[in-house]
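Trainee: Going by UniProt numbering, 67 is the number at position 67 of the sequence shown; the sequence numbering is gapless.
Just so you know, even glycine gets a beta-carbon here, dropped at the ideal spot from N, CA and C.
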Amino acid sequence: MRSPIGEGRERLLQALFDEFGENGPGANLSMRQVAERLGVHHTLLTYHFGSRPGLLRAVLSEARRRDNLVIAAAGDELGFEALCRAIWNFYSDPAHEDRIRAFFHLVGLAVYEHDVFHEFVADLDDLAHILEAAALRDGATPAQAEQQSIIATSCLRGLLLQRLLTPTAEIGAAAERFITSLGAFTGESRSS
Numbered sequence: 001m002r003s004p005i006g007e008g009r010e011r012l013l014q015a016l017f018d019e020f021g022e023n024g025p026g027a028n029l030s031m032r033q034v035a036e037r038l039g040v041h042h043t044l045l046t047y048h049f050g051s052r053p054g055l056l057r058a059v060l061s062e063a064r065r066r067d068n069l070v071i072a073a074a075g076d077e078l079g080f081e082a083l084c085r086a087i088w089n090f091y092s093d094p095a096h097e098d099r100i101r102a103f104f105h106l107v108g109l110a111v112y113e114h115d116v117f118h119e120f121v122a123d124l125d126d127l128a129h130i131l132e133a134a135a136l137r138d139g140a141t142p143a144q145a146e147q148q149s150i151i152a153t154s155c156l157r158g159l160l161l162q163r164l165l166t167p168t169a170e171i172g173a174a175a176e177r178f179i180t181s182l183g184a185f186t187g188e189s190r191s192s
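(1) Taking 6 Å as the limit between beta carbons, can you name the residues of its chain near D98, skipping five residues before and five after?
(2) Could you check whether the stretch 88-95 touches the stretch 163-177, counting it as contact only if at least three pairs of C-beta atoms, one from each stretch, sit closer than 8 Å?
(3) The alpha helix (DSSP H) with N89 in it runs from where to where?
(4) Could you tell me the boundaries of the alpha helix (DSSP H) in which residue 196 lies?
(5) Among T166, L159, A102, whose alpha-carbon lies nearest the alpha-carbon of A58?
(6) Could you tell me the alpha carbon to alpha carbon distance between T141 and F178, rounded to whole angstroms?
(7) If you pair each beta-carbon of the stretch 66-73 with each one of the stretch 39-56, do three or more pairs fall below 8 Å?
(8) Go ahead and label P4 buried or exposed: buried means 16 or more other beta carbons lie within 10 angstroms of its beta carbon, across all protein chains shown.
(9) I'd like the list of long-range same chain contacts for L160, defined as Cβ closer than 7 Å, with 5 residues on each side in sequence excluded.
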C-alpha cells in the first residue's frame, strides 16, 4: 500500500535533513545528485518539490520553522532587545552561513517569482511575530510592537546580507550597536 503524498514528502524532507543537515544540499548539487545521495529516483524529488528551488524552499522553510520554535521558546523569557541579540547570535553563527546564503538566494528568486514563492514569503513573518510578542511584553502598544518587529527583522536581515557580501568585524559591531539602540524603542525608554 502506498503512503499518502504528504507523508512521502515529509519522509523525503526528513531524509534531506538526515543527509544534508539544516542547510540542505549545497548549491553545486543537481536534483539527480541529491536523489542519488538519498537513494531515490530524481523524479520522486521533482514530484514532491517541483524543482531545485522548490526543494531548497522546502528544506529552508522547515529549518526556519524549527529555528523559530527554538527562538520562540527562548523568547518567552527575553525582552525585545535581548531577543534581537539572541536572533543575531543564532543566525550570524558561521555554522549557519550556507543556510543564510540559500535564504537570500530564495528571497532573490521570490522577488521575481512571487507567486511561485508565495508560501515561503508568507512564512517570513513568523520571526516578526515572535519579536512583536516580545515588544508587547516590554510594554509597547500593538502598533509600536508591529513597527519595532518590522524594523528589527529588516535590519537584522540586512546586516546578515551585508556580512555575507563583506565579512568584516565591523558588521558584528554594527549589529551590536543597532541592537543596543533598540532600547530606545522598548519599555526601557518608556519607563524612564
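Mentor: Straight from the coordinates:
(1) Position 98 of the sequence shown, counted from the start, is the residue given in the question as residue 98. Same-chain partners within the cutoff: N23.
(2) yes
(3) One-based indexing of the sequence shown puts residue 89 at position 89. Run containing N89: 80-91, per the alpha helix (DSSP H) assignment.
(4) What is shown of the chain runs 1 to 192, which leaves residue 196 out entirely.
(5) For the purposes of this step, residue 58 is identified with residue 58 of the sequence shown, where counting begins at 1. Comparing Cα-Cα distances from A58 to each of T166, L159, A102, the minimum goes to A102.
(6) Within the sequence shown, numbered from 1, the residue matching residue 141 stands at position 141. Within the sequence shown, numbered from 1, the residue matching residue 178 stands at position 178. Rounded to whole angstroms, T141 to F178 spans 21 Å at the Cα level.
(7) no
(8) Taking the first residue of the sequence shown as position 1, residue 4 is located at position 4. Here P4 scores only 46 on pLDDT, less than 50, and its place in the model is too uncertain to base an answer on.
(9) Position 160 of the sequence shown, counting from 1, holds the residue named residue 160. Only Y91, S92, I100 meet the Cβ criterion.
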